[in-house]
Structure formats: structure tokens, C-alpha cells
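Novice: Every position in the sequence shown, counted from 1, becomes a number in this note's numbering once 18 is added.
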Amino acid sequence: MNKQSLLALAQCLLATSVLAHPPVLSVPTSERVIGGTAAAPDSFPSAVSLEVLTPDGVGLCGGVLVNNHTVVTAAHCVYNFDTNTDIPAANMHVGYGSNSKKNQTFVPVHTVHVHYRFDAEQMTNDLAILTIDPVAYSASVRPATIYSGLLENGTKLTAVGWGLTIPGGNWASLPDKLQETEIVIGTPEECRKLVPTYETSNGPQVCTQNSLRPGSDTCQGDSGTGVYINVGGENYVVGVTSFGAAPNGDPTCALNDGLAIYTHLYYYLPYINEYAGTTVTGPAHRTHANRRHRHNGPGRRRPRNRHPSAE
Ligand SMILES: *[C@@H]1O[C@H](CO)[C@@H](O)[C@H](O)[C@H]1NC(C)=O
Ligand SMILES: *[C@@H]1O[C@H](CO)[C@@H](O)[C@H](O)[C@H]1NC(C)=O
Ligand SMILES: *[C@@H]1O[C@H](CO)[C@@H](O)[C@H](O)[C@H]1NC(C)=O
19 MNKQSLLALA QCLLATSVLA HPPVLSVPTS ERVIGGTAAA PDSFPSAVSL
69 EVLTPDGVGL CGGVLVNNHT VVTAAHCVYN FDTNTDIPAA NMHVGYGSNS
119 KKNQTFVPVH TVHVHYRFDA EQMTNDLAIL TIDPVAYSAS VRPATIYSGL
169 LENGTKLTAV GWGLTIPGGN WASLPDKLQE TEIVIGTPEE CRKLVPTYET
219 SNGPQVCTQN SLRPGSDTCQ GDSGTGVYIN VGGENYVVGV TSFGAAPNGD
269 PTCALNDGLA IYTHLYYYLP YINEYAGTTV TGPAHRTHAN RRHRHNGPGR
319 RRPRNRHPSA E
């Protein structure tokens, strides 16, 4: 399958831009974070940037802070496709604390856990957990709450990322500021054109359909960064950016018949909590809000497909 991962490899003086392996491909001329605008300061305090030294160059990705020492990202961002092994933690760092990359604090990564069933060819289970030293929370640093509600066709989501904004693979033009754009969950018929086994976005993968929001898409450099849903004025994280393509395999971002796939975090909650310890899910039903129900310790399972209002 010709699937276009949304990892970007930046060319720099020390790294070649030769890209030996799919799904990491060169940057087609029209690719960018499509239809995006700079996010307001502190609007996504769980968004982090991630730079990874890969055999092919410096990979640009993002991630989501889910507690004070854990970042979730896409497996393909931290995977060595030459050796089929995880890239060592020493080859990467995480930037947090600002929408502006140049204002971020960059810290080392201590451990990398690529999902044990990550399939680099099919791009399934595209999820990895990174640990960092505990960060202090502030207006611009806060963990995301993992959305536990039902996802339906037509649901609007907001994707964010530091991926390309200017066509032509001009790496000097990577945005300094986090970009956000609206995307819409697709119909099963359309989504199966990209992932034949797709049933709904309540399974392992959330699928968005470009034709439902023309001119808007994620693109190279956005991999691993969060896609969020806004409920009652709060952003909850739904997934992390994985890959996208048109049904004919054309990897160009934002084609009108294009589709994109996001790893669904709530589906993987037991796995995430196994490495993260405690994360928070929500939203809880307002009138029954109960702290105990909003925390999920390791091994504590919650139903996946429950609508928050049905709690
Ligand atoms: C970066 O930090 C400086 C100093 O705190 C601040 O003046 C500036 O507005 C910040 N820039 C952005 C884009 O956040
Ligand atoms: C990080 O979170 C843990 C668990 O909630 C807490 O015990 C610890 O004090 C936190 N560390 C910082 C630096 O806030
Ligand atoms: C989702 O899409 C399917 C197929 O197009 C349709 O049958 C179903 O009614 C849709 N559901 C919603 C909630 O739109």
C-alpha cells in the first residue's frame, strides 16, 4: 500500500535528505499544513514538538503530553525502518512550553516504547510512548485529557502541528508557530478506500475525509501531534497524526478525495497507562462529575464506545 506518513524529514547540513524507505517519502511540491492558522497562545498546552535523528535525516514530528512525564506520539516517528527497531531515546528531544518552537524548552527523552504490534508496512498501531523528566505545569504546559466519547461521521476535529506551511519542500519555511486546522471524520465507505478494514472511528484509527472540509488537512511534519475535539469550550485529545493519501495512493496532502488516519488514543488507553501510569479521560457527564471516574490507573478498563452523555 502506498501510504504517506506525515513525518517530515528536514534536510540539514549534517543529515542527508535521501529517503530510503517508505512510508517516509520526499516532500511533494504542494504539501503543507493546509488551511491552517497559527493557534492562539496556550490554546494547546499539551502539544509538544519532537525532533528525531533518523538514519535518513532529522525527523520532525510532534506529540501530546498526557501527564507530567509522558508524551504520546506516532510510532513511525521513532522507528528505524532500516533495522526494524526503535530509535534510541538519545537520538531525540521534546520541545514544550510554547506554541513558538524557538521559545520552547527542549529536554531529553529517557525511554521510548513503540507499540509492540506496530506494523510499519500497514501503519497500524502507530503509537509510541516517550518519557521525559517531569515538567512543571503552567498556562502553556498542561497534559491533555483523552477524549472517551463516541466519534461519528461528520464530527469536527482540530488538528495541530508544526509541519510545512509553504509548498515546495522549503524547510527554511517550516512554521515557528503551531498551526491548527479543522478536519472532519469521514464516512465508512470513503475511509475504506484507504483502509479496507476500517469500520468506525471508535476503533484503533480515526479517519478524516478531505472532501468534507476542502482545503484543510494535516501534512508532513505533523505526525505524532494531536488531533483534538472541542466540547464545552475545552479541547480533548482524540488521536495522534499518522498518515494520509488519496484512494489511488497519491500522497499529496489535501487532495479533495484524500483521507487521513489518526491513531485513536482512547482505544489504546490500557496500553498508554501501562507505560504512563495515570492519565485523565473525559469529559465526564456534568451532573455526575466524579473525580474517581476521570482517572484511569493501570489496568483499569473503561468501555470504549460510550457517549459521554450516556454515562
Ligand atoms: C517568545 O518569548 C519571548 C520572551 O519571553 C516573548 O517576548 C515572545 O513573545 C515569545 N514569542 C512567541 C511567539 O511566543
Ligand atoms: C509529576 O506528577 C507526579 C504524579 O502526579 C507527582 O507526584 C510529581 O510531584 C509531579 N512532578 C512535578 C515536577 O510536578
Ligand atoms: C455514517 O455513514 C454511514 C455510511 O455513509 C451512514 O449509513 C450513517 O448513517 C452515518 N452516520 C452518521 C451519524 O452520520
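Think of the CB as a built atom: it goes at the ideal place given N, C-alpha and C, for glycine as much as any other residue.
#1: Which residues mark the beginning and the end of the beta strand (DSSP E) in which residue 253 is found?
#2: May I ask you to check if the CB of residue 296 is nearer than 8 Å to at least one heavy atom of ligand 2?
#3: Less than 8 Å separating the Cβ of residue 84 from some heavy atom of ligand 2?
#4: Leaving out the 5 sequence neighbours to the left and right, which residues in its chain are closer than 8 Å to residue 216 when beta-carbon positions are compared?
#5: Is residue 299 buried or exposed, if buried means 16 or more other CB atoms sit within 10 Å of its CB?
#6: Return yes when the Cβ of residue 64 is within less than 9 Å of the Cβ of residue 161, no when it is not.
#7: Can you give the Cα-Cα distance for residue 124 and residue 111, rounded to whole angstroms?
#8: Would you mind stating whether residue 238 and residue 181 have Cβ atoms separated by less than 9 Å?
#9: In or out: residue 179 buried (at least 16 other Cβ within 10 Å) or exposed?
#10: In the DSSP assignment, what residue or residues form a beta bridge with residue 195?
#11: Confirm, please, whether the CB-CB distance from residue 54 to residue 197 is below 9 Å.
#12: Is it right to say residue 157 is buried, meaning 16 or more other beta carbons lie within 10 angstroms of its own, or is it exposed?
#13: How should residue 151 be labelled, buried or exposed, when 16 other C-beta atoms within 10 angstroms of its C-beta is the threshold for buried?
#14: Classify residue 155 as buried or exposed, calling it buried when 16 or more other Cβ atoms lie within 10 Å of its own Cβ.
#15: Helix, strand or coil for residue 126, going by three-state DSSP, please let me know.
#16: Residue 258 and residue 283 look like a contact to me (Cβ under 8 Å); what is the Cβ gap, rounded to whole Å?
#17: To the nearest angstrom, report how far apart residue 221 and residue 272 are at their CA atoms.
#18: Tell me whether residue 302 counts as near ligand 2, meaning its Cβ is closer than 8 Å to at least one heavy atom of that ligand.
#19: Please indicate yes or no: does the CB of residue 114 lie closer than 8 Å to some heavy atom of ligand 2?
#20: Helix, strand or coil, according to DSSP, for residue 48 in the structure here?
#21: Less than 8 Å between the CB of residue 152 and some heavy atom of ligand 2, yes or no?
#22: So, does the region 101-117 touch the region 262-270, judging by three or more C-beta pairs under 8 Å?
#23: Below 8 Å on the Cβ atoms is my contact criterion, and I expect residue 84 with residue 297 to pass it. Report the Cβ-Cβ distance as a whole number of Å.
Specialist: The structure says:
#1: 252-263
#2: yes
#3: no
#4: 206, 209, 210, 223 and 225
#5: buried
#6: yes
#7: 6 Å
#8: yes
#9: buried
#10: 118
#11: yes
#12: exposed
#13: exposed
#14: exposed
#15: strand
#16: 7 Å
#17: 24 Å
#18: no
#19: no
#20: Residue placement at residue 48 is poorly supported in this model, since its pLDDT is 30, which falls under 50; the coordinates are not used for a value here.
#21: yes
#22: no
#23: 5 Å
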